[in-house]
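Reviewing the structure listed below.
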Amino acid sequence: MKSNQGRGTTSTVRYESPGGGVECCHPRCSATPQKRYEFPVPLCDRHIVQVLARSTEVVSEARRDHVVKNQKPLPLQKQAMLDRGFGQFSHEPIVYYLKFGDRVKIGTTTNLRKRLLDIPHDEVLAVEPGGVDIERRRHLQFARHRVNGEWFTCGDGLMLHIETLQRNATQTT
């Protein structure tokens, strides 16, 4: 049986068994709720682990939705990284390939670390020496894969080029 205890804006949800004891609120589970961690709903050890594991996926999806909707990373995250000195180093111009979901961004920068704070991405796929001329050449080379601006689908030609860059990078290191 579900009952609400407490008054005001916050309440504790309790799930009571027919015998009157509190039980895990997960469907078809009558285990005793864990007491180690303060949690707003009563869950047993097994189900709190499942909920928390799934919550990291949900948070990641929510961050991605925010970035897609607003076209920029969460502001506090970026500022915290800048405060720690991330992105203070410049280098020769490079063309970078960033993967975000099922898209690849082809761009250029002289400060990749700082640029990574500004652009939503899941991973850096590859980099190659060069500035805007090489970037422009790559945009033309993979134009049939272009989605919008500097964003491209993961077409075979583009992915083959990225694999070649990755292979060359491992041979020179």
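For the sequence shown, the residue numbers in the working numbering are 28 to 200. No residue lacks a Cβ here, since even glycine has one placed at the ideal position from N, Cα and C.
Residue i (DSSP reduced to helix, strand or coil)
i      : result
Glu155 : strand
Glu119 : coil
Asn195 : helix
Thr59  : coil
Thr137 : coil
Val76  : helix
Met186 : helix
Expected contact under 8 Å - CB spacing of residue i and residue j to nearest Å
i      : j      : result
Leu192 : Ala153 : 4 Å
Buried or exposed (CB count within 10 angstroms, at least 16 for buried), residue i
i      : result
Glu119 : exposed
Val85  : exposed
Val76  : exposed
Gly134 : buried
Tyr124 : buried
Pro156 : exposed
Chain-order list of residues whose beta-carbon lies under 8 Å from that of residue i (same chain, five-residue window excluded)
i      : result
Leu167 : none
Val174 : Arg130, Thr180
7 Å Cβ shell around residue i - same chain, five flanking residues per side excluded
i      : result
Thr197 : none
Spatial neighbours of residue i in its chain, beta-carbon cut-off 6 Å, leaving aside the 5 residues before and after
i      : result
Gly158 : Pro120, Thr135
Residue i: CB within 7 Å of a non-hydrogen atom of the ligand FAD
i     : result
Arg73 : Summarising the ligand content, the structure contains no ligands, and the ligand FAD is consequently not present.
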